[in-house]
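So the sequence shown is numbered by the numbering used here: it starts at 62 and just counts up by one. All C-beta atoms, glycine included, are put in the ideal place defined by N, C-alpha and C. Data first, discussion second: the structure below is written as structure tokens.
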Amino acid sequence: MADIDRRQIFRMGYVWEIPVGAGHKLSGHNAIGRAVLGGWQLNGVWSTVTGAPTTVFGSPDFRSSGNHQTVDLVGPIKKLGCLGPGDNCHWYDPTSFAPVPTFVDPAVDLDGVARQHRFGNTGRNIAVYGPGHSNLDLGLFKHFKLTERFDMQFRAEGLNFLNHPTWTWTTDEWGASNFCWGGGPTGNPCGGSGSTFMQSPGASGHRVIRLGLRLAF
Numbered sequence: 062m063a064d065i066d067r068r069q070i071f072r073m074g075y076v077w078e079i080p081v082g083a084g085h086k087l088s089g090h091n092a093i094g095r096a097v098l099g100g101w102q103l104n105g106v107w108s109t110v111t112g113a114p115t116t117v118f119g120s121p122d123f124r125s126s127g128n129h130q131t132v133d134l135v136g137p138i139k140k141l142g143c144l145g146p147g148d149n150c151h152w153y154d155p156t157s158f159a160p161v162p163t164f165v166d167p168a169v170d171l172d173g174v175a176r177q178h179r180f181g182n183t184g185r186n187i188a189v190y191g192p193g194h195s196n197l198d199l200g201l202f203k204h205f206k207l208t209e210r211f212d213m214q215f216r217a218e219g220l221n222f223l224n225h226p227t228w229t230w231t232t233d234e235w236g237a238s239n240f241c242w243g244g245g246p247t248g249n250p251c252g253g254s255g256s257t258f259m260q261s262p263g264a265s266g267h268r269v270i271r272l273g274l275r276l277a278f
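Here it is as structure tokens:
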């Protein structure tokens, strides 16, 4: 499957002008009420996207091409769904994967050193999807008519208003979420020292609030 195979993508933009004030359904006869409640506008963009597929790599590279190679699938692919810090928090079960075994082939390993002699049995972009993300940007505006020539606008904007984290899912590098180091414990053969295999090493995207005034003439 392609690197861009995100199964669900939803984006929605919206603008709602609160129907209060002159020229609206709820115009009212109270000047103070129209001044306070009229001229408000709510808008924003909401997006939610599922994760992209991942190729699980390992080392060493028996072809000596400078690239990583695939690993073996040794158990069912099981999504655990844990995102966050901690050695026991994994997005997928890391014990489902293992480095390709090494052995000494007398025909080619003349130095007696055990090596890998085949590719892993996993393919490119297998059914291992990184975490998706959801984001809501929200804006609230208030228009003030000062004179015939001058118009004031108050702006309150919230970027990532719901404060949803965007989890990091690093790929194809040392210490990446999809990189099987090898040399790990028996229960987690891909979890070597310093490994973040099948883990999200961090998150970004905290809430940002902006306030402003705009004068138009």
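>> Please report the straight-line C-alpha distance between Ser-265 and Asp-198, rounded to a whole angstrom.
In response: Here residue 265 refers to the residue found at position 204 of the sequence shown. Here residue 198 refers to the residue found at position 137 of the sequence shown. In a straight line, the C-alpha of Ser-265 is about 15 Å away from that of Asp-198.
> Between the Cα of Met-259 and the Cα atoms of His-151, Asn-104, Cys-143, Val-110, which residue gives the shortest distance?
Replying inline: On the sequence shown, position 198 is the one that residue 259 refers to. Selected option, being the one with the closest Cα: His-151.
> Which of helix, strand or coil does DSSP assign to Thr-111?
Replying inline: On the sequence shown, position 50 is the one that residue 111 refers to. Residue state, collapsed to three classes: coil.
>> Quick check: what's the CA-CA separation for Pro-262 versus Leu-201?
In response: Translated into the one-based positions of the sequence shown, residue 262 becomes position 201. Translated into the one-based positions of the sequence shown, residue 201 becomes position 140. Looking at the two C-alpha atoms, the distance is approximately 34 Å.
> According to DSSP, what are the bridge partners of Leu-227?
Replying inline: Working through the sequence shown from its first residue, we reach residue 227 at position 166. The sequence shown places Thr at residue 227, not Leu. Partner(s): Ser-265.
> So Asp-198 is in the beta strand (DSSP E); what residue range does that whole segment cover?
Replying inline: Here residue 198 refers to the residue found at position 137 of the sequence shown. Element bounds for Asp-198: 194–206.
> Is it the case that the Cβ atoms of Phe-278 and Phe-211 are separated by a distance below 9 Å?
Replying inline: Position 217 of the sequence shown, counting from 1, holds the residue named residue 278. Position 150 of the sequence shown, counting from 1, holds the residue named residue 211. Yes. Within cutoff.
>> Do Ser-238 and Thr-227 count as a contact pair if the criterion is CB distance below 9 Å?
In response: Here residue 227 is taken as the residue at index 166 of the sequence shown, counted from 1. Here residue 238 is taken as the residue at index 177 of the sequence shown, counted from 1. Their beta carbons are not under 9 Å apart, which means Thr-227 does not touch Ser-238 by this criterion.
> Can the beta-carbon of Val-132 be found closer than 9 Å to that of Pro-160?
Replying inline: Here residue 132 refers to the residue found at position 71 of the sequence shown. Here residue 160 refers to the residue found at position 99 of the sequence shown. Result yes, Cβ atoms of Val-132 and Pro-160 sit closer than 9 Å.
>> I'd like to check one pair, Gly-119 with Trp-242: are the Cβ atoms closer than 9 Å?
In response: The residue you call residue 242 lines up with position 181 of the sequence shown. The residue you call residue 119 lines up with position 58 of the sequence shown. A contact, by the Cβ cut-off of 9 Å.
> Counting pairs of beta carbons, one from the segment 157–176 and one from the segment 132–142, are three or more of them closer than 8 Å?
Replying inline: yes
>> Could you pull the DSSP bridge partners for Met-73 from this structure?
In response: Along the sequence shown, one-based indexing puts residue 73 at 12. Beta-bridge pairing links Met-73 to Trp-107.
> In this structure, what does DSSP give as the bridge partners for Phe-158?
Replying inline: Within the sequence shown, numbered from 1, the residue matching residue 158 stands at position 97. Looking at the DSSP assignment, Phe-158 forms a beta bridge with Leu-134.
> Just reading off the beta strand (DSSP E) that Gly-147 is part of, what are its end residues?
Replying inline: The count along the sequence shown starts at 1 and reaches residue 147 at position 86. Segment: none, Gly-147 is in no beta strand (DSSP E) and carries neither H nor E.
> Based on the DSSP secondary-structure assignment, which residues constitute the bridge partners of Gly-181?
Replying inline: The residue given as residue 181 occupies position 120 in the sequence shown. Bridge partners of Gly-181: none, in fact.
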